[in-house]
Amino acid sequence: MSRPRKCRMVCRLPGASEFVPLDGRKDASPIVLTVDEFEALRLIDGEDYSQEQCGEQMHIARATVQQIVDSARKKISFALVEGRPLKILGGEYRLCEGGAARCGCCRAGCGRCLRNRKEGFAMRIAVAANGNEVAGHFGHCENFWLYDVENQAIVKAENIPNPGHRPGFLPNFLGDHGANVVIAGGMGESAAGIFAHRNIETILGASGDARTAAEAYLRGELHSDASACHKHEHAHECHDEK
Numbered sequence: 138m139s140r141p142r143k144c145r146m147v148c149r150l151p152g153a154s155e156f157v158p159l160d161g162r163k164d165a166s167p168i169v170l171t172v173d174e175f176e177a178l179r180l181i182d183g184e185d186y187s188q189e190q191c192g193e194q195m196h197i198a199r200a201t202v203q204q205i206v207d208s209a210r211k212k213i214s215f216a217l218v219e220g221r222p223l224k225i226l227g228g229e230y231r232l233c234e235g236g237a238a239r240c241g242c243c244r245a246g247c248g249r250c251l252r253n254r255k256e257g258f259a260m261r262i263a264v265a266a267n268g269n270e271v272a273g274h275f276g277h278c279e280n281f282w283l284y285d286v287e288n289q290a291i292v293k294a295e296n297i298p299n300p301g302h303r304p305g306f307l308p309n310f311l312g313d314h315g316a317n318v319v320i321a322g323g324m325g326e327s328a329a330g331i332f333a334h335r336n337i338e339t340i341l342g343a344s345g346d347a348r349t350a351a352e353a354y355l356r357g358e359l360h361s362d363a364s365a366c367h368k369h370e371h372a373h374e375c376h377d378e379k
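If you're matching positions, the sequence shown starts at 138 in the numbering used here and goes up one per residue.
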């Protein structure tokens, strides 16, 4: 049996998740840079970390750092040379919670960490649901479960109805309610982009009981399937979330 790959630790999500050339091939298929590739570039090229320091922060080996950085640089080169759009999406990563040594997230004072300190809880997880079950499609769920987390345990659960499916509304609605993580079966790229812009982690491909999914995430057992939007039965409706 192959050994499961360990998710790479990421301090914060990129401020922008999509770049489109003004005079290039706007309609060409985009080149996708994963979030962990972005993080490695941020640390190595942006923060002047050594490969050893980058590996320590991302919880990966030095050789893996080199592979990730090489892949990221090639993708960016292709996007520039071919004039193609560049998206930052998916990958095998887990957002840190602000307690790691030399955490770039905390050093920069990102909104996620500041919100956590202000509101007095370590994390708030939002699960798109139909009743008590994880919804197959984020935008068309019946309700949201909000779980407040302290010391890696759920200490409070709140159920709120879906206030309405309007363009760009739901991601900001959950962000304004303090969500740090959003769990769903599937999600359109526009909604995912808004969450990324607000430094809110999205976990896609989930199913089953909503609280069980949130607890699995806290144990490190639930990871995002970046292609979930294309797999679930409502994939054709994803454009509605723009």
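Heads up, the beta-carbon is just placed ideally off N, CA and C, and yes, glycines get one too.
From a predicted model like this one, the values you see are computed outputs, not experimental measurements.
- Residue 206 and residue 156 have their C-alpha atoms spaced approximately 19 Å apart.
- When C-beta atoms of the region 259 to 271 are compared with those of the region 321 to 332, three or more pairs fall below 8 Å, so the two segments count as touching.
- Under DSSP, the beta-bridge partners assigned to residue 285 are 261 and 293.
- CA-CA distance, residue 337 to residue 317, rounds to 5 Å.
- Distance between residue 297 and residue 188, taken at the CA atoms: about 45 Å.
- Residue 217 counts as exposed, since fewer than 16 other C-beta atoms from the protein chains shown sit within 10 angstroms of its C-beta.
- Residue pairing by DSSP places residue 156 opposite 223 in a beta bridge.
- Restricted to the region 178 to 225, the alpha helix (DSSP H) segments that are unbroken, complete and at least 4 residues in length are 188 to 195 and 199 to 219, listed in chain order.
- Taking a 10 Å sphere around the C-beta of residue 166, we find fewer than 16 other C-beta atoms and assign the residue as exposed.
- Check the Cα spacing between residue 274 and each of 343, 197 and 291: the tightest is with 343.
- Here DSSP, grouped into helix, strand and coil, assigns residue 358 to coil.
- Pairing residue 229 with residue 173, the inter-Cα distance amounts to about 7 Å.
- Here residue 183 is exposed. Its C-beta has fewer than 16 other C-beta atoms within 10 Å.
- In this chain, residue 337 is not harboured by any alpha helix (DSSP H), its DSSP state being neither H nor E.
- Annotation for residue 307: the continuous alpha helix (DSSP H) segment containing it runs 306 to 313.
- In terms of Cα proximity to residue 151, the closest of 335, 231, 293 and 145 is 335.
- Here the alpha carbons of residue 169 and residue 159 stand approximately 18 Å from one another.
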